[in-house]
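*Asks:* Using numbering that gives the first Met the number 0, read the sequence shown as starting at 0 and increasing by one per residue.
Glycine included, C-beta positions come from ideal geometry on N, C-alpha and C.
Provided herewith is a single structure, encoded as structure tokens, for subsequent inquiry.
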Amino acid sequence: MFANLTLYEQTTPLLRLRQNATHRIWEWLSKERPVGGDKCAKIGSGEENCTGTLTDYTVRVKVCVSGVLDGVCTKYSGGGYKPTGLLQKYGENESMHFGLLTGSYANNKSGGVLRKNVGIFTDEIDTGTGQFKLQADNDAAIVNAINRLKITGFKSDLSYECGWITDKPLPNGTCQMWGNPVGEMMYEAVRYFAGASATTNYLTSQNAGEESTLKLPVASWKDPYKDKSQGGGGAKYCAKPFMLTISDIYPSYDSDELPNVNSNFGTGTAKDVSGFSSIRGLAPEEPTKEGSYYSAGVARWARINDVNAVKGEQKVQTFVVAMASPLPKVKIPIGASSAITVIPFAKSVDGYGVDKTQGKFQPTNQLVDFYIDEIKNTDSSNKDTSVNGGRPYYKFRINYEDVEQGADHDMDAIVTYTVKLNLDKTVTVSLSSDYRGRYRAAHGLYRLRLYRRWRLPRGTR
């Protein structure tokens with residue numbers, strides 16, 4: 000069995016190998032803290048010594064070395080090879096200028112912070128060797144800022160310093176590793192291209208909390224289209240503005256500090272809404288985290304409107320790299336043109352700090368681990384007519400943490416889901432509780448979605 004884990008804050012991640020073990024992987028990793036150690040969960044309850052032998056490895060990866068070069072490796076004039084991407088491809092010849100805006104630790108629920116003004120990338124890289132420059136504390140550089148973003152707040156007792164929040168959504172500045180206000184960050188980026196100044200509520204300084212500890216740069220805003228002699232970035236009016244957004248597909252807390260968002264739909268039930276801009280809470284995955292579809296509205300508005308007052312048109316084109324959902328989805332085909340998707344999730348509904356009254360805040364559980372036990376009859380590679388009559392069949396386990404952020408992120412509830420397609424094209428979903436923590440009552444749940452594939456008439460879009 001393999002595990003990737005970090006034992007304590009600021010220590011090197013380990014690849015941990017347990018050989019010749021008779022325990023299952025979830026008995027080693029999905030248990031009360033500490034996980035991945037010498038103790039394994041017993042069937043039923045309690046713990047016992049894990050079987051097998053344990054070996055730790057520190058993994059270091061070399062890229063672009065002789066004999067294993069690939070398509071991302073570029074040879075520099077100094078003779079060596081380095082991995083290259085968009086920054087090198089368009090930045091080294093200065094055909095494009097780049098800047099960086101990220102979320103912050105001090106205001107983890109609010110907007111974003113400018114790390115580098117839009118400008119040349121050649122000040123960050125030695126174009127002869129491909130090595131990065133400007134890597135000192137607080138240097139306003141893209142690579143330097145990204146390199147300093149780290150997991151923080153993990154304590155020696157194997158829990159996060161913000162503790163257990165059970166009665167309300169995450170307060171700003173608390174549990175600083177959580178919060179993904181993408182819509183607000185995109186809105187702030189559009190304001191930057193417009194030549195505005197930083198939003199006061201989003202601001203943080205180099206001396207604020209983790210920003211100071213990690214020595215992250217915080218840049219003062221410059222209008223990218225204003226002449227350098229006037230304190231601007233010096234871009235020509237014809238320079239096209241682009242916004243590249245990198246995020247997972249579920250923004251959070253990005254609907255509370257933006258204009259024209261005034262409705263609260265935080266419970267995962269069916270509702271009538273006037274438009275996507277009115278929705279708060281992306282159910283069923285993150286219904287209480289005030290996520291929104293505002294990012295799409297910001298991108299659309301910036302694409303059709305001239306955002307800066309200089310001559311010509313400065314319309315922002317947005318590109319998005321969307322990473323996968325943290326929640327698994329089991330999609331079962333029903334006939335040739337439709338499918339049902341099962342989305343598992345869990346809620347803490349009672350116990351230690353949770354108000355069980357209907358309508359009160361009740362945390363949606365974090366998904367800690369997901370294990371596939373069995374998948375049959377989804378394609379020709381796993382066909383087995385002895386299982387579910389040859390029809391699709393899934394069995395998987397999920398380990399849940401009983402609050403939305405922070406805590407100890409170990410094991411508070413384990414639920415086994417069995418999903419199967421019946422002969423009459425209905426779907427049966429069965430849940431069994433394999434383990435429940437002693438402090439809070441968590442309900443394992445699921446949501447069904449029906450998808451139909453439609454064919455458009457020839458010649459339409």
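Taking the alpha-carbon positions, what's the Asp407 to Ile331 distance?
*Replies:* So the two alpha carbons sit approximately 34 angstroms from each other.
*Asks:* Using 9 angstroms as the threshold, is the C-beta distance between Val309 and Lys221 below it?
*Replies:* Not closer than 9 angstroms, so no.
*Asks:* What whole-angstrom Cβ distance do Met184 and Gly98 have, given they're in contact under 8 angstroms?
*Replies:* The Cβ separation is near 13 angstroms, so there is no contact.
*Asks:* Val142 lies in the alpha helix (DSSP H); which residues open and close that run?
*Replies:* From DSSP, the alpha helix (DSSP H) with Val142 extends over 141-147.
*Asks:* Does the segment 363-372 touch the segment 386-402, meaning 3 or more C-beta pairs lie closer than 8 angstroms?
*Replies:* Yes: the two stretches touch, three or more of their Cβ pairs being nearer than 8 angstroms.
*Asks:* Just verifying my parser: in three-state terms, what is the DSSP assignment at Glu31?
*Replies:* In the structure shown, Glu31 sits in coil (DSSP, three-state: anything other than H, G, I, E or B).
*Asks:* Going by DSSP in three states, Ser380 sits in which element: helix, strand or coil?
*Replies:* DSSP places Ser380 in helix when its eight states are reduced to three.
*Asks:* Please look up how many angstroms separate the CB atoms of Lys115 and Ala139, rounded, as I've assumed it's under 8 angstroms.
*Replies:* About 5 angstroms separates the two Cβ atoms, so the contact holds.
*Asks:* In the DSSP assignment, what residue or residues form a beta bridge with Ile303?
*Replies:* None, per the DSSP bridge assignment.
*Asks:* So does the segment 170-187 actually touch the segment 109-125, counting three or more Cβ pairs closer than 8 angstroms?
*Replies:* Taking 8 angstroms as the limit for Cβ pairs, the verdict is that the segment 109-125 does touch the segment 170-187.
*Asks:* Enumerate, from N- to C-terminal direction, the unbroken beta strand (DSSP E) stretches of 3 or more residues contained entirely within the segment 265-327.
*Replies:* DSSP runs (the beta strand (DSSP E)) wholly in the segment 265-327: 316-322.
*Asks:* In the DSSP assignment, find the alpha helix (DSSP H) that holds Val189 and state where it starts and stops.
*Replies:* Where Val189 is concerned, the enclosing alpha helix (DSSP H) stretches over 181-192.
*Asks:* Can you list, in chain order, the residues of its chain whose CB lies under 7 angstroms from that of Asn263, leaving out five sequence neighbours each side?
*Replies:* Since pLDDT at Asn263 reaches only 42, below the 50 mark, its modelled position is unreliable, and no value is offered.
*Asks:* Tell me whether Thr212 sits in a helix, a strand or coil according to DSSP, three-state version.
*Replies:* Of the three classes helix, strand and coil, the one that applies to Thr212 here is helix, per DSSP.
*Asks:* Using three-state DSSP, classify Lys108 as helix, strand or coil.
*Replies:* Coil.
*Asks:* Determine contact between the segment 82-97 and the segment 124-133, defined as no fewer than three beta-carbon pairs at a distance below 8 angstroms.
*Replies:* Yes: the two stretches touch, three or more of their Cβ pairs being nearer than 8 angstroms.
*Asks:* Spatial neighbours of Tyr434 within its chain, please: C-beta separation below 6 angstroms, excluding the five flanking residues on both sides.
*Replies:* Answer for Tyr434: Ile413, listed in chain order.
*Asks:* On a CA-only basis, which of Gln18, Asn19, Ile42 is nearest Glu26? Give me that one, please.
*Replies:* Selected option, being the one with the closest Cα: Ile42.
*Asks:* Going by other Cβ atoms of all chains shown within 10 Å of its Cβ, with 16 needed for buried, is Asn146 buried or exposed?
*Replies:* It counts as exposed.
*Asks:* Go ahead and pull the three-state DSSP assignment for Ser262.
*Replies:* For Ser262, the predicted structure reports a pLDDT of 42, less than 50, and the residue's modelled location is therefore unreliable. The matter cannot be settled from this model.
*Asks:* Closest to Ser336 by CA distance: which of Arg302, Lys424, Ile141 is it?
*Replies:* Nearest option by C-alpha distance: Lys424.
*Asks:* Once DSSP output is grouped into helix, strand and coil, what is the label at Gly66?
*Replies:* Looking at Gly66 - three-state DSSP - the assignment turns out to be coil, as it is neither helix nor strand.
*Asks:* Using a Cβ distance threshold of 8 angstroms, determine whether the segment 294-309 contacts the segment 226-233, with at least three qualifying pairs required.
*Replies:* In short, these stretches do not touch, since the Cβ pair count stays below three.
*Asks:* Gln357 lies in the alpha helix (DSSP H); which residues open and close that run?
*Replies:* No alpha helix (DSSP H) holds Gln357; DSSP gives it neither H nor E.
*Asks:* Count the other CB atoms, across all protein chains shown, that sit within 10 Å of the CB of Val329; report buried if there are 16 or more and exposed otherwise.
*Replies:* It is buried - the Cβ of Val329 has at least 16 other Cβ atoms within 10 Å.
*Asks:* In this structure, does DSSP put Gly405 in helix, strand or coil?
*Replies:* DSSP places Gly405 in coil when its eight states are reduced to three.
*Asks:* Take Leu202 and list the residues in its own chain whose beta-carbon comes closer than 8 angstroms to its own, dropping the five residues that flank it on each side.
*Replies:* Cβ within range, chain order: Asn106, Val112.
*Asks:* In chain order, what residues of the same chain have a beta carbon less than 8 angstroms from the beta carbon of Val260, not counting five sequence neighbours either side?
*Replies:* In this predicted model, Val260 has a pLDDT of only 49, less than 50, meaning its place in the structure is not dependable; the value taken from the coordinates is given anyway. Excluding sequence neighbours, Val260 sits near Ser254, Ser276, Ser277, Arg279, Ser291, Tyr293.
*Asks:* CB-CB under 8 angstroms to Arg390, same chain, minus the five flanking residues each way: which ones, in chain order?
*Replies:* Asn376, Lys419, Leu420, Asn421, Leu422.
*Asks:* Buried or exposed for Arg59, going by 16 or more other Cβ atoms inside 10 Å?
*Replies:* By the 10 Å Cβ count, Arg59 comes out exposed.
*Asks:* State buried or exposed for Asp401, treating a residue as buried only when at least 16 other CB atoms are found within 10 Å of its CB.
*Replies:* Buried, because 16 or more other Cβ atoms sit within 10 Å of the Cβ of Asp401.
*Asks:* Going by the CB atoms, is the gap between Asn364 and Asp409 shorter than 9 angstroms?
*Replies:* It is not a contact, given that the beta carbons lie outside the stated cut-off.
*Asks:* CB Ala2 to CB Arg23, shorter than 9 angstroms?
*Replies:* Cβ distance not < 9 angstroms, so Ala2 and Arg23 don't count as in contact.
*Asks:* Assign Pro170 to buried or exposed, taking buried as 16 or more other Cβ atoms, counted over all protein chains shown, within 10 Å of its Cβ.
*Replies:* Classification for Pro170: exposed.
*Asks:* Shortest alpha-carbon distance to Thr165 belongs to which of Leu430, Ala207, Thr384, Asp349?
*Replies:* Out of Leu430, Ala207, Thr384, Asp349, Asp349 has the C-alpha closest to the C-alpha of Thr165.
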